[in-house]
Amino acid sequence: EPSLKYGEEFKKFMVKIEDVPEMDIDIKDVKIPQRFEELLKRNKKLQNTYLTRNRPDISDQTGSGYDMALANILIKNGFNDSEIAAIIRSSKTGTKKKITKGYLTITIKKARAFFKEKRVKGIPGIREEHFRATDLRNSEKFSKKYIGQLIYCQPWTNWLIYTEGKWKIESKRETQELSKKVILDYYKEASEMLDDRTRQNLIKEALKCESQRAIRAMIELATSSMARLPEDFDQDLYILNLKNGTMGDLKIMELREHRPEDMLTKIAGISYEPGAD
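Here you go:
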């Protein structure tokens with residue numbers, strides 16, 4: 003009598019027809035374009051996707067997962083369907099099975115649908131020809147980049163920075179210096195683009211953000227999304243912050259790493275040494 007075990011195992015590898023978006027994918031036999039080699043030389047993420055499986059940020063670590071990640075990068079950089087198919091076929095990290103035209107079509111369809119969805123939602127990182135680096139967009143990038151590193155306390159009218167295991171009020175205008183790195187990220191993105199028009203537009207927008215007004219606006223708009231109150235700090239009576247870590251629970255005396263979410267502003271000037279007298 004047949005066992006259901008194999009049927010259940012097989013389900014993991016099935017592709018639902020409704021999961022594949024409706025769009026025309028045109029795949030022809032073409033050579034890998036030279037511009038791909040140029041992009042590969044300077045794009046670390048592409049190297050880690052195409053040459054070596056070194057992308058811990060990818061949830062699907064199978065060959066198919068890397069094929070999809072590769073297609074996503076290529077779509078962002080303006081490669082057409084035939085070029086993407088040729089590059090996937092030559093990938094060192096993709097699926098080891100025989101790559102069919104049907105497999106390539108489904109992979110590219112899903113990647114293009116993902117790209118379109120993220121573009122509509124305005125997710126940072128998607129390259130747009132008419133991108134605008136507004137004050138609001140800059141503040142959102144600032145907030146996401148420095149989550150766990152910066153917070154703003156309105157009653158104290160001060161930014162706090164997480165350093166050496168505790169939160170402390172900034173004293174050297176660290177916030178302003180960190181905000182400049184958000185602008186530098188635009189130039190890094192531009193350096194990875196092959197499309198001249200898109201790259202020049204992003205550089206133009208980045209230059210506008212270098213003004214003192216734009217920097218101040220970025221920081222000011224981020225205060226609301228990164229706001230905390232004085233009563234949020236130092237509330238857990240069972241936490242002891244030490245130089246080499248945090249006693250997360252004094253009842254069990256177990257040392258762990260420092261964590262910004264503990265919201266500690268104080269630290270003892272000693273280290274914990276198990277077994278010491």
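Sequential numbering of the sequence shown, starting at 3, is according to the numbering used here.
Here a beta-carbon is modelled for each residue, glycine too, at the ideal position from N, C-alpha and C.
Item: Thinking just about the alpha-carbon of each residue, which of Met195, Ala87, Tyr164 is nearest to the one in Lys268?; Value: Tyr164
Item: Going straight from the alpha carbon of Ile77 to that of Gln36, what length do you get?; Value: 16 Å
Item: Measuring alpha carbon to alpha carbon, tell me which of Arg261, Glu85, Lys206, Ser66 ends up nearest Glu100.; Value: The displayed chain sequence assigns Lys, not Glu, to residue 100. Lys100 has its Cα closest to that of Ser66, out of Arg261, Glu85, Lys206, Ser66.
Item: Does the Cβ-Cβ distance between Ala113 and Asn74 come in under 7 Å?; Value: yes
Item: Report the option in Leu41, Leu53, Leu257 whose CA atom is closest to the CA atom of Tyr240.; Value: Leu257
Item: Would you decide whether Gly104 is buried or exposed? Buried here means 16 or more other CB atoms lie within 10 Å of its CB.; Value: exposed
Item: Got a sec, what are the start and stop residues for the beta strand (DSSP E) Met255 sits in?; Value: From DSSP, Met255 is part of no beta strand (DSSP E); its letter is neither H nor E.
Item: Going by CA-CA distance only, name the one from Thr136, Leu186, Gly167, Lys118 that's closest to Lys147.; Value: Leu186
Item: Just to confirm, are Glu259 and Gly271 a CB contact at a threshold of 7 Å?; Value: no
Item: Judging by CA-CA distance, which residue of Asp137, Pro157, Glu222 is the nearest neighbour of Glu207?; Value: Asp137
Item: So for Met265, helix, strand or coil by DSSP?; Value: coil
Item: Since Lys2 and Ala135 are thought to touch, with beta carbons under 8 Å apart, how far apart are those beta carbons, to the nearest angstrom?; Value: This structure leaves residue 2 out entirely; the chain is present only between 3 and 279.
Item: When burial is assigned at 16 or more other CB atoms within 10 Å of the CB, is Ala71 buried or exposed?; Value: buried
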